Amino acid sequence: MEANTAMPRFFAEIHGSRAIIRGKDVSHIRGPLRMDIGERILVRDHTKGYVGIIRSIEHDRITVDIERKTPLVDRTKRTIRLGICMIALKDMDTIVRFATELGVSEIIPVVSSRSNIVRISSKRFERWQAIIMEAVKQCERKSIPVLYDVLVMDDFIRSSSIRWPYKYFGHKEGELSLVDIKHDDVGIIIGPEGGFTADEIDMFHDNAFIPVNMGKTTLRSITSAITAVAFLGI
0 MEANTAMPRF FAEIHGSRAI IRGKDVSHIR GPLRMDIGER ILVRDHTKGY VGIIRSIEHD
60 RITVDIERKT PLVDRTKRTI RLGICMIALK DMDTIVRFAT ELGVSEIIPV VSSRSNIVRI
120 SSKRFERWQA IIMEAVKQCE RKSIPVLYDV LVMDDFIRSS SIRWPYKYFG HKEGELSLVD
180 IKHDDVGIII GPEGGFTADE IDMFHDNAFI PVNMGKTTLR SITSAITAVA FLGI
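Just so we're aligned: 53 in numbering that gives the first Met the number 0 is position 54 of the sequence shown, and the numbers increase by one with no gaps anywhere.
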């Protein structure tokens, strides 16, 4: 029996020709998916995909005999670095998920002057990490985005000025549009609802950030972030 290609590819520990699936996926495979010993299943580690046959099903683990490797690919060859100023947490959840599906390489939550959220709990950070892993599993991309700790704006600018070779910030007055960006490694920061303050815009200019517009209409932050990653990932 061939593995169902519509099935998610489960993260597993790879030990030679064996794969071990643990955690919540065990309950998902045993329960809703109703998979059984002898069925083929798709698994992966951080960079490689495999097809295997379920060898045993236990309460806390599923053991898989690996048959062969299968290719994993990324949506884009471009490195996309996203800074996103903190907005409503449910919207942040959505950005993390969709940005991952669309090919983002790293996500940096930023506290700006107009952010209505200034800190997150460790549980929220863990939730975002889990969302990333679920999205990676769902879309079968090869690489796993890096999620950074929340930074205040000053620290973000210092950090990105060193690490980001090409730096942009979303602004309706920007002369460039997303389609004008051609670099293979690009970073962009999206503001909160209400946009960036004049002081923040001055800081961006002082640190070689280039304004880029998101089109002729005003978009919400969540829409701008997803739009930016989608365009840059083409």
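We treat Cβ as the ideally placed atom computed from N, Cα and C, and that holds for glycine.
Being a predicted model, the structure only gives us computed values, none of them experimental.
At the C-beta level, I19 and I86 stay beyond 9 angstroms of one another. Only residues of its own chain outside the window of five on either side were considered, and among them E100 have a CB closer than 6 angstroms to the CB of C138, listed in chain order.
The beta carbons of S114 and C84 sit about 5 angstroms from each other, so the pair counts as a contact at 8 angstroms.
By the beta-carbon neighbour count (other beta carbons within 10 angstroms, threshold 16), G214 is exposed. Burial state of G190 is buried, judged by a 10 Å Cβ sphere holding 16 or more other Cβ atoms. Note on geometry: alpha-carbon atoms of S142 and V109 lie some 23 angstroms from one another. DSSP assignment within the region 73-111 yields the following whole beta strand (DSSP E) runs of 3 residues or more, N-terminal first: 78-84, 105-110. By the neighbour-count criterion, in which 16 or more other beta carbons inside 10 Å mark a residue as buried, H45 falls on the exposed side. Listed in chain order, the non-local C-beta contacts of I13 below 6 angstroms within the same chain comprise D44, local neighbours out to five positions each way being set aside.
In this model, I53 and G37 are separated by some 5 angstroms (Cα to Cα).
T78 and I180 have their C-alpha atoms spaced approximately 12 angstroms apart. The Cβ-Cβ distance between A134 and R96 falls below 9 angstroms.
When secondary structure is reduced to three states using DSSP, T216 falls in the coil class, being assigned neither helix nor strand.
Residue pairing by DSSP places A18 opposite I13, V63 in a beta bridge. Judged by beta-carbon spacing, K171 lies beyond the 9 angstroms limit of F9, meaning their Cβ atoms are not closer than that value. Residues of the same chain with a CB within less than 7 angstroms of the CB of I94, apart from the 5 flanking positions on each side, are I83, I221, A224, I225 in chain order. With contacts defined by Cβ atoms closer than 9 angstroms, R80 and S159 form a contacting pair. Around the CB of G102, 16 or more other CB atoms lie within 10 Å, so the residue is classed as buried. Between R39 and E57, the C-beta gap is not smaller than 9 angstroms, which leaves the two residues out of contact.
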